[in-house]
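Engineer: The structure follows.
Protein chains in written order, with the numbering used here: chain G, 5 to 369; chain A, 4 to 313; chain L, 50 to 150.
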């Protein structure tokens with residue numbers, strides 16, 4: 005099992021929990037270490053539970069699963085509470101508040117939420133409401149964390165969010181976005197299109213989530229364009245959970261493709277499906293990947309990207325690294341930044357494209 | 004088999020090579036280190052702890068930790084030690100002479116960060132007659148001194164820092180690891196219990212001078228024996244004070260336990276019920292003292308006045 | 050709350066799903082809020098207030114309405130004011146939820 009295959013003890017355990025029962029003690033230790041580093045220990049526990057294997061596990065690993073289950077349960081409580089506070093704070097403003105990522109999965113009751121470990125809450129609001137949202141949050145006890153002028157500018161002008169805000173009493177952090185990709189990114193997604201398709205969250209007037217295909221595309225963007233891979237496998241697990249959950253729905257795969265193209269995210273979708281299938285055995289219909297050929301990188305480049313991504317998506321642990329892992333992660337980090345901060349010429353080019361409202365062409369990876 | 008059975012060559016070989024496997028309470032550790040100071044500290048402080056016979060099958064180790072010198076261009080000018088867990092470095096490096104203290108703090112961190120199957124309170128806990136006394140206290144209250152004093156006057160040590168409570172049964176679970184003492188407490192306990200064994204003195208740490216006292220052999224031998232909560236005591240050392248026990252309302256005692264807990268919030272409703280049940284059946288008090296002998300005598304009399312639970 | 054709302058009577062209710070769990074230790078009262086995960090030590094009057102609300106049907110209460118239900122009088126302005134203080138305080142702690150118009 006070479007590192008460059010993208011397969012690790014952890015990915016194997018996630019795909020087939022029953023295989024672990026034959027493992028020796030050292031493999032179990034390595035598995036748990038990988039899972040801890042990847043922030044997937046709770047998800048691993050869930051895998052054993054779903055397979056009905058918890059009672060058959062050796063006692064050692066079992067106590068760590070019991071431990072992390074407490075963390076997962078309390079974090080889910082905490083996210084629900086935090087969302088309630090946010091909803092209350094923004095209620096008077098009217099207008100949609102789109103929950104993103106983990107918070108969305110929890111409030112929408114999606115399987116991707118189960119035993120997931122959460123950090124900050126991410127929301128998306130229309131760009132025009134950003135200031136009002138910021139004031140409303142400040143009025144209810146959230147404060148800006150970054151006071152550095154450069155940081156402020158970085159977040160507000162270059163990225164797609166106001167700087168993270170921390171609640172003074174609860175010490176929780178909220179990230180307020182107005183798009184799922186930075187303003188200056190080489191791929192410019194029209195946030196209006198996302199908001200137009202947003203799905204209300206039952207029981208929570210004013211709160212929304214991205215619609216099914218957009219959830220997947222957002223997860224894919226986050227993974228393949230953000231450049232931070234220490235939680236890469238965790239993000240892939242989210243993606244896999246979403247694909248498995250929605251994959252059986254009528255027209256889903258066709259809608260996913262069409263939407264990806266409309267938003268200019270064809271290649272991102274290609275990567276998402278490819279690596280999720282390879283590493284986590286996500287049941288992606290073969291014709292889907294074939295249909296994305298025109299936006300996929302050509303063979304030589306693809307081999308190169310495989311080499312980078314399959315290493316970067318390994319758990320962040322020595323047992324799942326080789327001599328090239330560090331390089332791979334650094335290159336992908338640089339790539340992500342290159343995609344976020346293009347030269348002046350390209351900004352103008354993107355702006356023109358956006359005005360014409362045509363699907364983006366595939367760009368070099 | 005106890006660690007003391009290993010000769011120093013074998014201990015070193017394991018520590019430098021495949022790792023020294025040790026059990027402390029319910030926690031199995033694998034420790035690796037190239038440092039002689041760490042080997043010496045382990046030999047001295049963990050003599051009674053369970054380790055493996057040569058060739059014995061390895062159990063699942065909960066924590067794989069390493070303490071080693073930091074390599075790099077300044078390693079001679081400023082020699083430092085690093086603690087590693089899961090190949091991560093959770094702390095900044097410390098001066099090399101602090102390596103064994105760093106191991107102790109690192110092991111505390113492993114338990115308080117990753118053993119959430121227990122409710123974990125930042126408190127000392129000792130036991131007599133089957134009843135446990137939990138001593139939560141912010142630093143400087145004399146809890147460690149009192150804890151060390153009591154275990155040298157017939158009380159069993161469960162822990163000096165990490166009180167582990169099983170949320171289902173409410174029982175206290177021992178770790179029986181070395182007791183951390185600082186500054187004046189070190190001399191006080193050395194005078195109080197001349198037979199007590201200490202590890203190396205570590206000077207100039209953030210907390211001052213630190214040393215660890217070997218846990219009493221019987222405490223380690225009984226480190227799988229749980230206890231029920233008997234008392235919650237908030238000690239305060241006050242120079243020249245006569246011993247002064249002051250009953251504390253149980254509601255306040257519970258809130259103070261919650262405040263001193265590492266992970267109460269993770270246990271939700273179960274944690275609330277377990278702590279309430281425990282406190283309801285326990286005596287809670289604040290306790291001022293200056294004379295350690297008197298303080299120990301007081302608590303021993305208190306414990307012995309009750310029917311032993313075991 | 051914005052100025053526009055100040056004119057309307059303020060109301061609160063318990064969180065849906067009965068997340069409050071009370072315990073008495075000696076003569077003190079504790080409450081665990083399963084929604085927030087927080088634990089609080091209550092005064093005797095605070096406990097009486099919350100216990101009362103827990104025993105009623107789920108509905109929104111203003112301070113005068115609560116004063117009426119508790120003591121049979123909503124005319125005592127001081128009592129109403131002090132009740133409102135308590136209700137706001139409990140809102141801050143997350144034990145009560147404000148009812149938004």
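Built from N, CA and C at the ideal position, the CB exists for glycine as well.
These numbers were taken from a predicted model, which means no experiment stands behind them.
Anything in chain L within Cβ reach of residue 217 of chain A, meaning under 7 Å, just list it in chain order.
Structural biologist: Neighbours of residue 217 of chain A on chain L: none; closest Cβ ~37 Å, over 7 Å.
Engineer: Hey, is residue 318 of chain A's beta-carbon within less than 9 Å of any beta-carbon in chain L?
Structural biologist: The first residue shown for chain A is 4 and the last is 313, placing residue 318 of chain A beyond what the model contains.
Engineer: With a threshold of 9 Å between beta carbons, is residue 181 of chain A in contact with chain G?
Structural biologist: Judged by the 9 Å Cβ criterion, residue 181 of chain A is not in contact with chain G.
Engineer: Taking the C-alpha atoms as reference points, what is the distance between residue 43 of chain A and residue 300 of chain A?
Structural biologist: Roughly 34 Å between the two C-alpha positions.
Engineer: Could you pull out every residue in the same chain whose Cβ sits closer than 6 Å to the Cβ of residue 104 of chain A, ignoring the five residues on either side in sequence?
Structural biologist: Excluding positions up to five away in sequence, the list reads 205, 213.
Engineer: Looking only at its own chain, which residues have a Cβ that is under 8 Å from the Cβ of residue 176 of chain A, when we skip the five neighbours before and after it?
Structural biologist: Same-chain partners within the cutoff: 28, 29, 121, 161, 167, 168, 169, 229.
Engineer: Could one say the Cβ of residue 65 of chain L lies closer than 9 Å to chain A's Cβ atoms, at least one of them?
Structural biologist: It does not; no Cβ of chain A falls within 9 Å.
Engineer: Would you list, in sequence order, the uninterrupted beta strand (DSSP E) runs of no fewer than 3 residues that lie entirely inside the region 13-60 of chain A?
Structural biologist: Correct list: 23-27, 30-35.
Engineer: Could you check the C-alpha separation between residue 84 of chain A and residue 131 of chain L for me, to the nearest Å?
Structural biologist: Each residue's Cα considered, the two are about 59 Å apart.
Engineer: Pick out whichever of A:235, A:67, A:183, A:117 has its Cα sitting closest to the Cα of residue 208 of chain A.
Structural biologist: Nearest C-alpha to residue 208 of chain A: A:183.
Engineer: Leaving out five residues on either side along the sequence, give the residues of the same chain with a beta carbon under 7 Å from the beta carbon of residue 369 of chain G.
Structural biologist: Since pLDDT at residue 369 of chain G reaches only 34, below the 50 mark, its modelled position is unreliable, and the value read off the structure follows with that caveat. Excluding residues within five positions, the ones whose Cβ falls inside 7 Å are 271, 301, 305, 309.
Engineer: At least one CB of chain L closer than 9 Å to the CB of residue 150 of chain A: is that the case?
Structural biologist: For residue 150 of chain A, the answer is no, since every Cβ of chain L falls outside 9 Å of its Cβ.
Engineer: Could you pull out every residue in the same chain whose Cβ sits closer than 6 Å to the Cβ of residue 233 of chain G, ignoring the five residues on either side in sequence?
Structural biologist: Around residue 233 of chain G: 316, 333.
Engineer: Under 9 Å between the Cβ atoms of residue 50 of chain G and residue 119 of chain G?
Structural biologist: Closer than 9 Å, so yes.
Engineer: Which complete beta strand (DSSP E) runs does the region 98-184 of chain A hold, if anything under 3 residues is left out?
Structural biologist: DSSP runs (the beta strand (DSSP E)) wholly in the region 98-184 of chain A: 122-131, 134-139, 159-162, 165-168.
Engineer: What does residue 321 of chain G touch in chain A if you count any residue whose Cβ is under 8 Å from its own?
Structural biologist: Neighbours of residue 321 of chain G on chain A, chain order: 89, 90.
Engineer: Taking residue 216 of chain G as the reference, give the member of G:245, G:240, G:191 with the closest Cα.
Structural biologist: Nearest C-alpha to residue 216 of chain G: G:245.
Engineer: Within 10 Å of its beta-carbon, does residue 326 of chain G have 16 or more other beta-carbons around it, so buried, or fewer, so exposed?
Structural biologist: By the 10 Å Cβ count, residue 326 of chain G comes out exposed.
Engineer: Given residue 140 of chain L, which residues of its chain have a CB within under 8 Å of its CB, disregarding the five upstream and five downstream residues?
Structural biologist: The answer, listed in chain order, is 61, 146, 147.
Engineer: Measuring straight from C-alpha to C-alpha, what distance separates residue 286 of chain G and residue 338 of chain G?
Structural biologist: Using only the alpha carbons, I get a separation of about 28 Å.
Engineer: Taking CB distances under 9 Å as the criterion, tell me whether residue 14 of chain G reaches chain L.
Structural biologist: Closer than 9 Å: no.
Engineer: List the endpoints of the continuous alpha helix (DSSP H) containing residue 303 of chain G.
Structural biologist: It spans 303-316 - the alpha helix (DSSP H) in which residue 303 of chain G sits, taken as one unbroken run.
Engineer: Compare the beta carbon distance of residue 289 of chain A and residue 239 of chain A with 9 Å and say whether it is the shorter of the two.
Structural biologist: Yes. Within cutoff.
Engineer: Measuring only between beta-carbons, confirm whether residue 267 of chain A sits less than 9 Å from chain L.
Structural biologist: Chain L contact via Cβ: present.
Engineer: DSSP beta-bridge partners for residue 108 of chain L?
Structural biologist: Answer is none; residue 108 of chain L lacks a bridge partner.
Engineer: For residue 241 of chain A, which residues of its own chain have a beta-carbon under 8 Å away from its beta-carbon, when the five flanking residues on both sides are left out?
Structural biologist: 291, 292, 293.
Engineer: What is the DSSP secondary structure of residue 201 of chain A, counted as helix, strand or coil?
Structural biologist: Strand.
Engineer: Can you tell me whether residue 331 of chain G is buried or exposed? The criterion is at least 16 other CB atoms within 10 Å of its CB, across all chains shown.
Structural biologist: Exposed, by the Cβ-count rule.
Engineer: Would residue 257 of chain G be called buried (16 or more neighbouring beta carbons within 10 Å of its own) or exposed?
Structural biologist: Counting Cβ neighbours within 10 Å, residue 257 of chain G comes out buried, since at least 16 surround it.
Engineer: Counting only runs of 3+ residues fully inside the region 135-216 of chain G, write out the beta strand (DSSP E) ranges in chain order.
Structural biologist: As far as the region 135-216 of chain G is concerned, its whole beta strand (DSSP E) runs of at least 3 residues are 146-148, 165-171, 177-181, 211-213.
Engineer: Looking only at its own chain, which residues have a Cβ that is under 8 Å from the Cβ of residue 323 of chain G, when we skip the five neighbours before and after it?
Structural biologist: So the qualifying residues of the chain are 12, 13, 34, 37, 38.
Engineer: I'd like to know whether the C-beta of residue 85 of chain L is nearer than 9 Å to at least one C-beta of chain G.
Structural biologist: Judged by the 9 Å Cβ criterion, residue 85 of chain L is in contact with chain G.
Engineer: Does residue 289 of chain G pass the burial test, meaning 16 or more other C-beta atoms within 10 Å, or should it be called exposed?
Structural biologist: Under this definition residue 289 of chain G is an exposed residue.
Engineer: Nearest-angstrom Cα distance between residue 242 of chain G and residue 163 of chain A?
Structural biologist: Whole-angstrom Cα-Cα distance: 41 Å.
Engineer: Can residue 224 of chain A and residue 51 of chain A be called in contact, C-beta distance under 9 Å?
Structural biologist: Cβ distance < 9 Å, so residue 224 of chain A and residue 51 of chain A count as in contact.
Engineer: Quick one: is residue 101 of chain L buried, meaning 16 or more other Cβ sit within 10 Å of its Cβ, or exposed?
Structural biologist: When all chains shown are included, residue 101 of chain L counts as exposed.
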